[in-house]
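Down below is the structure, laid out as structure tokens.
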Amino acid sequence: MGLIPRILSTWRAPGRAVRGMAAMPEPAMLALLFGTMAVYFVAQWPGHARAATLDPSVPLQARLGGALLATLFLMPLIVMAVGTLSGALIRAAGGRIEGRLARLALIWALAATAPVMLLAGLVAGLVGPGPGLTLVHAVAGAAFLLFWVAGLRALTLQREPA
Numbered sequence: 363m364g365l366i367p368r369i370l371s372t373w374r375a376p377g378r379a380v381r382g383m384a385a386m387p388e389p390a391m392l393a394l395l396f397g398t399m400a401v402y403f404v405a406q407w408p409g410h411a412r413a414a415t416l417d418p419s420v421p422l423q424a425r426l427g428g429a430l431l432a433t434l435f436l437m438p439l440i441v442m443a444v445g446t447l448s449g450a451l452i453r454a455a456g457g458r459i460e461g462r463l464a465r466l467a468l469i470w471a472l473a474a475t476a477p478v479m480l481l482a483g484l485v486a487g488l489v490g491p492g493p494g495l496t497l498v499h500a501v502a503g504a505a506f507l508l509f510w511v512a513g514l515r516a517l518t519l520q521r522e523p524a
């Protein structure tokens, strides 16, 4: 299944969609993570362009350079660390999950919410701060948490009582 249909299926049944990707190898997960972060970087452009127009003391190139550093260099490291930590916490709580699968759940939650982040970027650029942008960010955050938790639950096997 292609990426777009899989993202759409995640919005309908997040656990089933991520369970179907459990065999994804680590290099493919990294490629998905970097592709997702590239989309997140592009999603920030309209908001930075608006901010640079309203406050020219920080030029657009500087704003985009900072966003590039954050999304394409720092975020992948943070995502991998948080994914590994979530897997360790699940194992400590009695679940059985590989670290690779815990990272996959987090990476896929980020990838599946990328369309909403693109919408948030458009709202930030065209409308600016306000209730509309807050609503889109709330939807994106709720969807991300739902997808991440559903993915972790779908990929975790419960230990049988001894």
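Residue numbers (our numbering): 363 to 524. Glycine included, each C-beta is placed from N, C-alpha and C at the ideal position.
Check, Outcome
"Nearest neighbour of methionine 442, chosen from Gly377, Met391 and Ala385 [CA to CA]", "Met391"
"For leucine 431, the nearest candidate out of Pro408, Val404, Ala450 and Ala455 (CA to CA)", "Val404"
"C-beta contact flag for alanine 476 and threonine 398 at 7 Å", "yes"
"Proximity test, Cβ basis, 7 Å: valine 420 and chain C", "Of the chains in the structure shown, none is chain C; there is only one protein chain."
"Local conformation of glycine 397 per DSSP, three classes", "helix"
"Unbroken stretches of the beta strand (DSSP E), 3 residues or longer, contained in the region 449 to 510", "none"
"Contact between the region 367 to 381 and the region 470 to 486 (3+ Cβ pairs under 8 Å)", "yes"
"Neighbourhood of leucine 495 by C-beta distance below 6 Å, restricted to the same chain and skipping five residues each side", "Val485 and Ala486"
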